[in-house]
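Q: Have a look at this one.
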Amino acid sequence: MAELKGKKNKKRNTFTVAIVPDDGSEAKGYENVSSQKLVLAILSLCLVVAMSVALLIALTPLKTLLPGYGSATRYEKRLIANQMRLDSLSSKLLELDRYNQRMKNILGITPFPDSAAYIPERIANATPRRQFYAKQEAYLPIQNEDDQLAIPDYVGNVVSGTLSQEFLPERSHYGIDIATASNEPIGAFSDGTVLFADWNYDYGYTLIIDHGGLISFYKHCNKLLVREAAQVKRGEVVALAGNTGHESSGPHLHLEMWTDGIPVNPADYIQN
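Residue numbers for the sequence shown follow our numbering, beginning at -16 and rising by one.
Rendered as structure tokens:
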């Protein structure tokens, strides 16, 4: 009998909840509130508060205060900006090639075919080193009284290392790869102006130098030592070799050279 009465009293275990306003007005009370209902009400209140805080953070600038959020956003913006700058440079190269073709038509010079299949033949028939230095005649010394220009060779290498991939434009490899040690100094091919010096997702730290009629690309660098618009001299150390970028599989320098919108073999320029 006593055990049955204890169970009955346990079932009747309830609470009275009173809400007292701050302004001193009459309090409101809720009697006979069971413990289960009280716990459920507290959990519901916590859930509402948690959802409100989550929405407040997600829909307002407060999310920028979260650890790591601001740096990730700046990183993504930098990726997009650098990619757009490279795309813009590529468009400028293509536009330069079209401009050269229009000028040839105006001057009555037979233009090269526009077919991509003809590019390897154009490269094979070119003499890139002399074409390049012919455009630099104003900066070259006079060799003799007949005003013949001395065409200097590049002294030394762009970077110390071993050729690991040749120039194969028919396989969309528009430069050469030179396997080298990480942080090996990279020298500028010739005097020029830095067009681009920043990071790119595919090519890592990339340097582009305009030599006046010829543009050189240095990709997958570990560190860049010059900034955009800087004037560099032949052989000046402009970067350190590395293994940066999605397309890199080991420490090396990917070196490209383009003239009039056409890729040319860098080995034709740097070999003595």
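Built from N, CA and C at the ideal position, the CB exists for glycine as well.
#1: Using 8 Å as the cut-off, can you tell me whether the region 176 to 195 makes contact with the region 159 to 168, which would need three or more C-beta pairs spanning the two stretches below that distance?
#2: What residues match up with GLY175 in a beta bridge as DSSP calls it?
#3: Decide if the region 170 to 180 is in contact with the region 147 to 162; the criterion is three or more beta carbon pairs, one per stretch, under 8 Å apart.
#4: Within this structure, are the beta carbons of HIS237 and LYS202 separated by less than 7 Å?
#5: Beta strand (DSSP E) containing ALA224: first to last residue?
#6: Taking the beta carbon of ALA224 as the centre, do at least 16 other beta carbons fall within 10 Å, making it buried, or is it exposed?
#7: Where does the unbroken beta strand (DSSP E) through ALA162 begin, and where does it stop?
#8: From GLU59 to ASP181, what does the alpha carbon distance come to, in whole angstroms?
#9: Can you give me the C-alpha to C-alpha distance between LEU38 and LEU30, rounded to a whole angstrom?
#10: Give the straight-line distance between the Cα atoms of LYS75 and GLN66, rounded to the nearest whole angstrom.
#11: To which residues of the same chain is HIS194 closer than 6 Å at the C-beta, ignoring the five residues directly before and after it?
#12: Is TYR201 helix, strand or coil when you go by DSSP?
#13: What are the start and end residues of the alpha helix (DSSP H) that includes SER35?
#14: Buried or exposed: where does PRO249 fall if 16 or more other Cβ atoms within 10 Å of its Cβ makes it buried?
#15: Nearest to ASP251 by CA position, among LYS20, GLY158, ALA222, is which residue?
#16: Quickly, what does DSSP pair TYR184 with across the bridge? List them, please.
#17: Verify whether the separation of the beta carbon atoms of ASN183 and LEU69 is less than 7 Å.
#18: Give the C-beta separation of GLU149 and SER199 to the nearest angstrom, bearing in mind that I take them to be a contact with Cβ-Cβ under 8 Å.
#19: Taking the Cβ atom as the reference point for each residue, do VAL177 and VAL209 lie within a distance shorter than 7 Å?
A: A quick look at the data gives this:
#1: The region 176 to 195 makes no contact with the region 159 to 168, as fewer than three CB pairs between them are under 8 Å.
#2: Note: GLY175 sits in a beta bridge opposite VAL215.
#3: No: the two stretches stay apart, fewer than three of their Cβ pairs being nearer than 8 Å.
#4: Yes.
#5: Annotation: the continuous beta strand (DSSP E) that includes ALA224 extends over 220 to 224.
#6: It is buried - the Cβ of ALA224 has at least 16 other Cβ atoms within 10 Å.
#7: Residues 158 to 162.
#8: Those two C-alpha atoms are separated by around 14 Å.
#9: Between LEU38 and LEU30, the C-alpha separation is close to 12 Å.
#10: Straight through space, the alpha carbons of GLN66 and LYS75 are spaced by roughly 14 Å.
#11: Close CB contacts of HIS194 within its chain, under the 6 Å cut and outside five residues either way in sequence, are with SER173, GLY175 (chain order).
#12: Look at TYR201 here: in three-state DSSP terms it is strand.
#13: Its alpha helix (DSSP H) spans residues 18 to 42.
#14: Around the beta carbon of PRO249, 16 or more other beta carbons sit within 10 angstroms, so the residue counts as buried.
#15: With distances taken between Cα atoms, ASP251 lies closest to GLY158.
#16: Looking at the DSSP output, TYR184 shares a beta bridge with no other residue.
#17: With a cutoff of 7 Å on beta-carbon distance, ASN183 and LEU69 are scored as near each other.
#18: Not really, about 17 Å apart at Cβ, beyond 8 Å.
#19: It is a contact, given that the beta carbons lie within the stated cut-off.
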